[in-house]
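The structure appears below as structure tokens.
Number of protein chains: 2
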Amino acid sequence: MTKVTMADVAKFAGVSKSTVSQYINHRYEYMGEGTRRKIKEAIEQLGYQPNYVAKSLKQKRTFIIGIIVADIVHRFSTEVSRSIEDFCYENEMQAIICNADNNGKKEKKYIDMLRAKQVDGLIIFPTGQNEDLYKKMVEEGYPVVFMDRDIPHLKAPFVLANNQQATYEAISYFIQKGHQRLAIATQPLTISSRKERIEGYKQALNDHHIEPRADYMISTDISELHQNLNRLFQLDMPPTAILAGNDLVFLEILSFLQEKKLKIPEDVSLIVFDNIPFAHLTNPPMTIIAQPAFEMGAKAADLLLKQINKEAILPERIYFTCELICR
Amino acid sequence: MTKVTMADVAKFAGVSKSTVSQYINHRYEYMGEGTRRKIKEAIEQLGYQPNYVAKSLKQKRTFIIGIIVADIVHRFSTEVSRSIEDFCYENEMQAIICNADNNGKKEKKYIDMLRAKQVDGLIIFPTGQNEDLYKKMVEEGYPVVFMDRDIPHLKAPFVLANNQQATYEAISYFIQKGHQRLAIATQPLTISSRKERIEGYKQALNDHHIEPRADYMISTDISELHQNLNRLFQLDMPPTAILAGNDLVFLEILSFLQEKKLKIPEDVSLIVFDNIPFAHLTNPPMTIIAQPAFEMGAKAADLLLKQINKEAILPERIYFTCELICR
DNA sequence: TTGTAGGCGTTATCAT
DNA sequence: ATGATAACGCCTACAA
Chain E
1 MTKVTMADVA KFAGVSKSTV SQYINHRYEY MGEGTRRKIK EAIEQLGYQP NYVAKSLKQK
61 RTFIIGIIVA DIVHRFSTEV SRSIEDFCYE NEMQAIICNA DNNGKKEKKY IDMLRAKQVD
121 GLIIFPTGQN EDLYKKMVEE GYPVVFMDRD IPHLKAPFVL ANNQQATYEA ISYFIQKGHQ
181 RLAIATQPLT ISSRKERIEG YKQALNDHHI EPRADYMIST DISELHQNLN RLFQLDMPPT
241 AILAGNDLVF LEILSFLQEK KLKIPEDVSL IVFDNIPFAH LTNPPMTIIA QPAFEMGAKA
301 ADLLLKQINK EAILPERIYF TCELICR
Chain Z
1 MTKVTMADVA KFAGVSKSTV SQYINHRYEY MGEGTRRKIK EAIEQLGYQP NYVAKSLKQK
61 RTFIIGIIVA DIVHRFSTEV SRSIEDFCYE NEMQAIICNA DNNGKKEKKY IDMLRAKQVD
121 GLIIFPTGQN EDLYKKMVEE GYPVVFMDRD IPHLKAPFVL ANNQQATYEA ISYFIQKGHQ
181 RLAIATQPLT ISSRKERIEG YKQALNDHHI EPRADYMIST DISELHQNLN RLFQLDMPPT
241 AILAGNDLVF LEILSFLQEK KLKIPEDVSL IVFDNIPFAH LTNPPMTIIA QPAFEMGAKA
301 ADLLLKQINK EAILPERIYF TCELICR
């Protein structure tokens, strides 16, 4: 175990703890060449490693941030997290990732836990179920950045995708390709991003004078998606195109189509809202709406670190443009 | 900010700090009903949250473990990490994941960093480039578990896959299907798991009286894989089957085959050593060698926590059986 | 049953 | 240029 402490180094080098501390923190300004060498040697001899816990206690900074994702299973979440981690690495920080599993209780527990561990700030994909807590943190001035889902009326930095606009464009593209019977499937409309995607869908239909049909709009838990799809494709006029609201929905649809021996794109066309790892390698290649996960993660991390270092007053809501990749 | 401390609670409740400490740590044994209620109230009123940094300093435990993966890009690494996190959650611990990026320097930096932060233990996918450091940790009795790659002669707990055996079986299966010209492609043979896969391949050929050919065995960086595949398929007798040593190699091969308009399985058969997220949904479905990532992660976490809690003397090397999923 | 005092390993302030 | 001393917030004997 690392039991050699600064006091040991000090004794070994024949100087005081303060001087060793100076050395550790690269404050060589007034340090004599001799002491410097002695300390260096002592550290090497003893194999001394500073204790960050003690340092943190004193400085009230842990150099750790927390990431709380609503659902780690999404490709998008993992890409964003990775990008945040990269950004942290470059800034000598570390990240703890926690998976709230779409569960408000778990989210609260993690927020409390991470704050108890004194992490310097939090990036949250909010479940939306702890509005009071979000608000309290913001009011206390605790550094937070929210991602992916908007919480209306919350005055805090948000990093968001332009869901509505992107969906609008994708559906319009489908319509231009000649589709008239378009369906959309998402998970339950409990968070802003899903609602916005539905909005974009409706608006596109409207603008192209297609009447939206309630039975073409599915919003359900993944576990019940299969039977909903069944119902959808048993309609007299089943859709010729369907937009999958995210990657999980996509996988479920794919498996459904395969089971029913429906071919893409002959029997039904598919667009996915989310990056799919090898969309370019599937057969046929998949048309997707790609969110700039990497940029969004980097931005969130940047905003958080700026906040932690009190470097800037933060903007409130930043929207990123998604890209429709037609294949 | 959490500025309210135990002393504040004590003062507010009209008791001493120690009593509050007792309360926080659920030592109600000798505590009067009255004090208990007063403290409870004080905590609620003040919104007190214990400071884990201070607690950690005193108790020399942070309730955090570190995971250092050699390359986070692999599906296997992420599945294992997820599984470790789940296990930690159930045991009131947290995990910090670091990506060494196959870089020994980075690996060392992370190990030092995490230990400086006093994490309670480490799970490492070793790059193999810091043998002395691994050894030192083990000798110091610092809790460590190694994953995925063996480091010969290191007396420490390892959680490993039976790479050789699994590859042997996969190749044998191909041979039974009538293949005679079998190739294998892996990343460079710098770590044990890749070497073992090659060994299993050779052994299977041998046992079936097929002469191994050097030009059918590719071990190269991903960046140079494409040109190696080019060479492979320009041979007079190109292989009819190829085993991809991991998921990254697989993606590269897939993209190569697509470019050359080679069909699976008509022109060439493919087996992948690694779980591919939607292998069952690709067309045609992919035959894979699946490592039990979830179980391996849970086991590693279990061993580490046991070690941290000094609950057991640890076994040295545990091998997990991979499953050949034929599709 | 509760309080007092000291220490965990640093850093910060102020002397010297 | 370097050192003494007091925090940081909590836990733990031991005393009362």
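Respectively, the protein sequence lines represent chains E and Z. The numbering of the first sequence is full-length UniProt numbering, which starts it at 1 and goes up by one. The numbering of the second sequence is full-length UniProt numbering, which starts it at 1 and goes up by one. Think of the CB as a built atom: it goes at the ideal place given N, C-alpha and C, for glycine as much as any other residue.
Neighbouring residues, chain E, relative to residue i (Cβ below 8 Å)
{"i": "valine 53(Z)", "result": "Val53, Ser56, Leu57, Thr62, Lys117, Gln118"}
{"i": "phenylalanine 278(Z)", "result": "Leu251, Leu254"}
Beta-carbon spacing of residue i, residue j below 8 Å
{"i": "leucine 324(Z)", "j": "leucine 314(Z)", "result": "no"}
{"i": "leucine 182(Z)", "j": "alanine 241(Z)", "result": "yes"}
{"i": "isoleucine 276(E)", "j": "threonine 287(E)", "result": "no"}
{"i": "valine 144(E)", "j": "alanine 156(E)", "result": "yes"}
{"i": "glycine 245(Z)", "j": "arginine 194(Z)", "result": "yes"}
{"i": "isoleucine 289(E)", "j": "glutamate 252(E)", "result": "no"}
{"i": "phenylalanine 125(E)", "j": "aspartate 148(E)", "result": "yes"}
{"i": "alanine 293(Z)", "j": "glutamate 44(Z)", "result": "no"}
{"i": "histidine 208(Z)", "j": "serine 269(Z)", "result": "no"}
{"i": "methionine 296(E)", "j": "phenylalanine 320(E)", "result": "yes"}
{"i": "phenylalanine 87(Z)", "j": "alanine 312(Z)", "result": "no"}
{"i": "tyrosine 216(E)", "j": "isoleucine 171(E)", "result": "no"}
{"i": "tyrosine 173(Z)", "j": "cysteine 326(Z)", "result": "yes"}
{"i": "arginine 317(Z)", "j": "phenylalanine 76(Z)", "result": "no"}
{"i": "asparagine 91(Z)", "j": "leucine 305(Z)", "result": "yes"}
{"i": "methionine 6(Z)", "j": "lysine 17(Z)", "result": "yes"}
{"i": "glutamate 116(Z)", "j": "alanine 70(Z)", "result": "Just to set this straight, residue 116(Z) is alanine in the shown sequence, not glutamate. No, they are not a contact pair."}
{"i": "valine 138(E)", "j": "leucine 154(E)", "result": "yes"}
{"i": "tyrosine 28(E)", "j": "arginine 37(E)", "result": "no"}
{"i": "proline 285(Z)", "j": "isoleucine 264(Z)", "result": "no"}
{"i": "proline 239(Z)", "j": "leucine 229(Z)", "result": "no"}
{"i": "aspartate 112(Z)", "j": "glutamine 176(E)", "result": "no"}
Closer than 8 Å at the beta carbon, the chain Z residues around residue i
{"i": "threonine 5(E)", "result": "Residues of chain Z passing the Cβ test: none, with the nearest at roughly 12 Å."}
Endpoints, the beta strand (DSSP E) within which residue i is located
{"i": "glutamine 94(Z)", "result": "94-99"}
{"i": "threonine 186(Z)", "result": "182-186"}
{"i": "tyrosine 319(Z)", "result": "317-320"}
{"i": "valine 249(E)", "result": "Premise fails: valine 249(E) lies in the alpha helix (DSSP H), 247-259, not in any beta strand (DSSP E)."}
{"i": "phenylalanine 146(Z)", "result": "144-147"}
{"i": "glutamate 323(Z)", "result": "323-325"}
{"i": "alanine 54(Z)", "result": "It is not in any beta strand (DSSP E) - alanine 54(Z) instead sits in the alpha helix (DSSP H) that spans 52-59."}
Residue range of the alpha helix (DSSP H) that includes residue i
{"i": "phenylalanine 294(Z)", "result": "293-308"}
{"i": "serine 223(E)", "result": "222-233"}
{"i": "methionine 113(E)", "result": "104-116"}
{"i": "glycine 200(E)", "result": "192-207"}
{"i": "tyrosine 137(Z)", "result": "Before going on, a small fix: residue 137(Z) reads as methionine here, not tyrosine. Unbroken alpha helix (DSSP H) run through methionine 137(Z): 131-140."}
{"i": "valine 4(Z)", "result": "Careful: valine 4(Z) lies outside any alpha helix (DSSP H) and carries neither H nor E."}
{"i": "isoleucine 43(E)", "result": "33-46"}
Cross-chain neighbours of residue i in chain E, by beta carbon under 9 Å
{"i": "aspartate 112(Z)", "result": "Gln49"}
{"i": "glutamine 45(Z)", "result": "Within chain E, no residue comes near glutamine 45(Z); the closest Cβ sits about 15 Å away, beyond 9 Å."}
Proximal residues of chain E, C-beta to C-beta of residue i below 7 Å
{"i": "arginine 213(Z)", "result": "None at all; the shortest Cβ gap to chain E is about 28 Å."}
{"i": "glutamine 94(Z)", "result": "Ile96"}
7 Å CB neighbourhood of residue i in its chain, flanking five on each side removed
{"i": "asparagine 25(E)", "result": "none"}
{"i": "glutamate 199(E)", "result": "Gln164"}
{"i": "isoleucine 308(E)", "result": "Asp120, Gly121, Pro143"}
Contacts that residue i makes with chain Z (C-beta to C-beta distance below 9 Å)
{"i": "isoleucine 72(E)", "result": "Arg82, Glu85"}
Neighbourhood of residue i by C-beta distance below 8 Å, restricted to the same chain and skipping five residues each side
{"i": "isoleucine 39(Z)", "result": "Val9, Ala13, Val15, Thr19, Val20, Tyr23"}
{"i": "glutamine 187(E)", "result": "Arg194, Ser219, Thr220, Asp221, Ile222, Gly245, Asn246, Leu248, Val249"}
{"i": "leucine 235(E)", "result": "Asp215"}
{"i": "leucine 46(E)", "result": "Val4, Asp8, Val9, Phe12"}
{"i": "glutamate 41(E)", "result": "Ala13"}
Same chain, Cβ closer than 6 Å to residue i, neighbours up to 5 away in sequence not counted
{"i": "valine 249(Z)", "result": "Ala185"}
{"i": "leucine 262(Z)", "result": "Val268"}
{"i": "leucine 205(E)", "result": "Pro212"}
{"i": "isoleucine 72(E)", "result": "Asn99"}
{"i": "glutamate 196(Z)", "result": "Asn163, Gln164"}
With a threshold of 8 Å, are at least 3 pairs of Cβ atoms found where one atom belongs to the segment 56-72 of chain E and the other to the segment 118-130 of chain Z?
no
Is there contact here, the segment 44-53 of chain Z with the segment 83-100 of chain Z, by at least three beta-carbon pairs under 8 Å?
no
Check whether the segment 89-97 of chain E and the segment 63-75 of chain E touch, using three or more Cβ-Cβ pairs below 8 Å as the test.
yes
Does the contact criterion of 3 or more C-beta pairs under 8 Å hold for the segment 130-148 of chain E versus the segment 96-115 of chain E?
yes
Say whether the segment 256-275 of chain E touches the segment 165-175 of chain E, bearing in mind that this needs 3 or more beta-carbon pairs closer than 8 Å, one atom from each stretch.
yes
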